[in-house]
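These notes concern the structure reproduced below.
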Amino acid sequence: MYKQQAELESFKMEYANARLECNAADERANILASEVIGLEEKARRLRSNELKLERQLENSQAKISSFNLYHWCIHQLVLIVRYYMIVMNHLQCIAWEDTLLLAWETSCKPACRPASKLNQISSSILFILFICNLI
Numbered sequence: 011m012y013k014q015q016a017e018l019e020s021f022k023m024e025y026a027n028a029r030l031e032c033n034a035a036d037e038r039a040n041i042l043a044s045e046v047i048g049l050e051e052k053a054r055r056l057r058s059n060e061l062k063l064e065r066q067l068e069n070s071q072a073k074i075s076s077f078n079l080y081h082w083c084i085h086q087l088v089l090i091v092r093y094y095m096i097v098m099n100h101l102q103c104i105a106w107e108d109t110l111l112l113a114w115e116t117s118c119k120p121a122c123r124p125a126s127k128l129n130q131i132s133s134s135i136l137f138i139l140f141i142c143n144l145i
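In terms of this note's numbering, the sequence shown is residues 11 to 145.
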């Protein structure tokens with residue numbers, strides 16, 4: 011009988027140890043589960059921040075793109091103004107040449123008029139047309 015009682019005591023001890031180990035395992039499982047939940051929440055926050063940063067980057071790139079477009083338009087406008095000034099200068103030269111030519115025609119006989127003056131006027135007109143095509 012002592013042997014059965016000793017076996018029973020041994021069995022109770024093993025059962026108690028197993029119960030303690032089981033409780034410890036449950037506690038570790040609860041700790042790990044709470045850590046997993048914390049890590050999942052952190053991962054969600056990081057993903058949310060990543061998406062916000064991606065949107066900010068897209069907005070910044072759009073601003074840079076519009077800024078570059080603005081500067082390109084300003085550059086084109088400056089070129090147009092330069093071409094306009096060149097055309098206006100040539101038109102003033104043509105008007106001045108026309109005035110001189112009319113004054114010269116009234117003072118000269120038809121036989122002494124050189125043909126090169128007309129060539130100069132037509133070359134000025136061709137240059138103006140060339141500049142207008144560049145715009």
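Each residue gets a CB set at the ideal place from its N, CA and C atoms; glycine is no exception.
Because the structure is a prediction, the values reported are computed rather than measured.
Taking only heavy atoms of the ligand MG into account, decide whether any of them is closer than 8 Å to the Cβ of residue i.
{"i": "I74", "result": "As presented, the structure is devoid of all ligands, the ligand MG included, so that no description of it is given."}
Compute the Euclidean distance between the alpha carbons of residue i and residue j, then round it to the nearest angstrom.
{"i": "L112", "j": "V88", "result": "36 Å"}
{"i": "N40", "j": "N78", "result": "56 Å"}
{"i": "S117", "j": "H85", "result": "48 Å"}
{"i": "V97", "j": "K62", "result": "52 Å"}
{"i": "I145", "j": "R65", "result": "Bear in mind that a pLDDT of 46 at I145, under 50, signals an unreliable position, so the number given afterwards is only what the model happens to contain. Cα-Cα distance, rounded: 38 Å."}
{"i": "A53", "j": "A72", "result": "28 Å"}
{"i": "E32", "j": "M11", "result": "According to the sequence displayed, residue 32 carries Cys and not Glu. Spanning the two alpha carbons is a distance of roughly 31 Å."}
{"i": "E50", "j": "Q15", "result": "51 Å"}
{"i": "R55", "j": "L42", "result": "20 Å"}
{"i": "V46", "j": "D36", "result": "15 Å"}
{"i": "S58", "j": "E68", "result": "15 Å"}
{"i": "E19", "j": "A28", "result": "14 Å"}
{"i": "N99", "j": "W114", "result": "22 Å"}
{"i": "Y94", "j": "E107", "result": "20 Å"}
{"i": "A34", "j": "E17", "result": "25 Å"}
Please return the same chain residues whose Cβ sits closer than 7 Å to the Cβ of residue i, not counting the five positions on each side in sequence.
{"i": "C83", "result": "none"}
{"i": "L30", "result": "none"}
Near residue i, which residues of its chain fall below 6 Å by C-beta distance, leaving aside the five closest residues on each side in sequence?
{"i": "M23", "result": "none"}
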